[in-house]
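Here's the structure, in structure tokens; my notes come after.
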Amino acid sequence: MTTSKYTRTPIHIPAPLRSYTDGQTIIKVQGNSVGDALDDLTRQFPVLKQHLFDEEGALRSFVNIYLNDEDIRYLGHISTLLSEDDELSIVPSIAGGCPETLSTADIRLSPEELRRYQRHLILPEVGVEGQTKLKAASVLIVGVGGLGSPLGLYLAAAGVGRIGLVDFDIVEESNLQRQVLHGVNDVGRSKLASARDRIRDVNEFLTIDLHETRLTSENAIDIISDYDLVADGTDNFPTRFLVNDACVLTGTPNVYASIFRFDGQVSVFGMPNGPCYRCLYPEPPPPGLVPSCAEGGVLGVLPGLVGTLQANEVIKLILGIGEPLIGRLLLIDALTTKFRTLIVRKDDDCPVCGTHPTVKALIDYEEFCGIGADSGLTSEVQSVPEITVFELDELRKKHRAPFVLDVRKPFEAEIADLGADQLIPVEELSDRLGEIRAKPDSEIVVHCRSGARSAQAVSILLENGFDKAINLKGGIRAWREEIDSTVLEY
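Per the working numbering, residue 46 is the first one in the sequence shown, and the count goes up by one each step.
This is how it looks when you write it as structure tokens:
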């Protein structure tokens, strides 16, 4: 039965977009089709339009719309008609049967291991045979942060015989809120060293490989091909696409998870006849449109919840039991404690795993995601004029301070403040240019947390006649590091 114009269809709003819907998780909309429903949604919340549609009015490729549990791309796209009990979900991109080659012929469990794993051994689905498979298996964990912490701990505790860890960062105090592999005494240490010590403390009957490097197109194939499965715990789009492509090219299952604020996603990609990450998200979002966890935040317990589900998928694949999330995407909403499973179809036209793939070797993923290797900004944004924190500090000392515009979220300014003259979030700037309390011909220094969002804001200002707008290089983080260490880090 087709909806009448008076029937209202619920649309589930993901955490990254709730700041544009006044925090609402479900919005009721009117319309006979998906397109009508989205039109009504953007009429109610106009700022959503730029996040859902491109300049030509087409649905952005990194935003998937689901009707109940089906991707509308495999129905009638936005022309798909709605029925009375239908529900819509917006699923944006947020930045892994047992492998047949797994051999247990030479693997034996020691008496100590038999005692340790006895709660596994009495499970008919595991038993000695399954525990031996776990010991024979090798899993590469990419990233030992929020997701990598529960992955490392539970895979080690379960008895996975060889665990590889990829990371190149150090432990920071702000990591401790969610990265439970690391403790207070590890601050300043290599994350890999900290993770190795903690995992070894959990289980001494395993091998730990350390890859203290950034995963790149040059080393990914060599590293990944040495493992039976990959667990993707990365926090950025270039590495996520890199991991996906390398897994497809090497035939390695990719157990995927991602987190943002209160939302999580889990799936299994790269299995025979199953989809890959690019089947779900063919292209990355434009730089800066989807904030990172560092900018948007993440609930401390969410990585534990999602990472444990991710570890569960790894164990199911190794043991060859249950129903792994192949061709399915699990959505977790920690605020409502709701779990939903959506169907992900293999795309025959996928450039990596499709019938006629065009990606047959790893590419430059920074370029693919439109990101500069160092700054994380597009070339257009990189070209905006900049001022250093030293120069701004000197101007203030000489009482020649320019007008300072903060383009972060209001809650960020409550955590750390640079004494800005005005705050307008960058995503609202284009619609609020008339509210800027500085004259168009006056010097305006724009800042955010790191310099990325403010660079985009400067581009907007320059395009609209604010000819002296300038970006504060490094943002409030640079101000804290170089000028005032009392400013809080977040």
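Glycine included, every Cβ here is placed at the ideal spot set by N, Cα and C.
Buried versus exposed, by CB contacts within 10 Å (16 or more), residue i
i           : result
residue 477 : exposed
residue 272 : buried
residue 198 : buried
residue 243 : buried
residue 69  : exposed
residue 137 : buried
residue 284 : buried
residue 156 : exposed
residue 268 : buried
Candidates the options: closest to residue i by CA position
i           : options               : result
residue 94  : 473, 313, 277 and 298 : 473
residue 355 : 288, 275 and 326      : 275
residue 378 : 60, 345 and 245       : 60
residue 391 : 511, 313 and 449      : 313
residue 129 : 54, 180 and 65        : 54
residue 409 : 215, 282 and 176      : 282
residue 511 : 229, 448, 70 and 124  : 448
residue 495 : 479, 535 and 483      : 535
residue 385 : 221, 285 and 134      : 134
residue 124 : 84, 446, 453 and 185  : 84
residue 539 : 347, 166 and 58       : Since the first residue of the chain shown is 46 and the last is 535, residue 539 is not available in this structure.
residue 454 : 185, 468 and 481      : 468
residue 403 : 66, 380 and 327       : 327
residue 118 : 156, 99, 249 and 324  : 324
residue 115 : 387, 411 and 463      : 387
residue 92  : 471, 481 and 509      : 471
residue 509 : 530, 497, 498 and 484 : 484
residue 290 : 264, 443 and 482      : 264
Expected contact under 8 angstroms - CB spacing of residue i and residue j to nearest Å
i           : j           : result
residue 86  : residue 56  : 6 angstroms
residue 260 : residue 226 : With a Cβ gap of about 18 angstroms, residue 260 and residue 226 do not count as contacting.
residue 434 : residue 528 : 5 angstroms
residue 262 : residue 295 : Contact doesn't hold; Cβ gap of about 13 angstroms is too wide.
residue 554 : residue 162 : Not covered by the structure: residue 554. The range shown for the chain is 46 to 535.
residue 358 : residue 311 : 7 angstroms
residue 415 : residue 278 : Incorrect: roughly 23 angstroms between the Cβ atoms, too far for contact.
Sequence-distant residues of the same chain with beta carbon closer than 7 angstroms to residue i, five excluded per side
i           : result
residue 224 : 190, 191 and 194
residue 343 : 191, 223, 304, 305 and 306
residue 437 : 490 and 517
residue 131 : 54, 112 and 113
residue 532 : 461, 521, 524 and 525
residue 251 : 201, 205, 206, 207 and 208
Contact set for residue i: own chain, Cβ-Cβ below 6 angstroms, skip 5 residues either direction
i           : result
residue 293 : 315, 321, 397 and 398
residue 465 : 449 and 451
Same chain, Cβ closer than 8 angstroms to residue i, five either side skipped, listed in chain order
i           : result
residue 364 : 143, 170, 171, 175, 178 and 179
residue 406 : 294
Check whether the segment 392-406 touches the segment 318-330, taking contact to mean three or more Cβ pairs, one atom from each stretch, closer than 8 angstroms. Contact holds: three or more Cβ-Cβ distances are below 8 angstroms.
With a cut-off of 8 angstroms, do at least 3 Cβ pairs link the segment 364-381 to the segment 300-314? Short answer: they touch.
Answer yes if the segment 506-516 comes into contact with the segment 476-495, meaning at least three C-beta pairs across the two stretches below 8 angstroms, and no otherwise. Yes, the segment 476-495 is in contact with the segment 506-516.
With a threshold of 8 angstroms, are at least 3 pairs of Cβ atoms found where one atom belongs to the segment 345-363 and the other to the segment 78-85? Fewer than three beta-carbon pairs drawn from the segment 345-363 and the segment 78-85 are found closer than 8 angstroms, and the two stretches are therefore not classed as touching.
Tell me whether the segment 230-237 and the segment 198-217 touch, counting them as touching only if at least three CB pairs, one residue from each stretch, are closer than 8 angstroms. The answer is yes - the segment 198-217 touches the segment 230-237, with three or more Cβ pairs under 8 angstroms.
Specify whether the segment 241-261 and the segment 194-214 touch according to this definition: at least 3 beta carbon pairs, one from each stretch, less than 8 angstroms apart. At 8 angstroms Cβ cutoff, the stretches touch.
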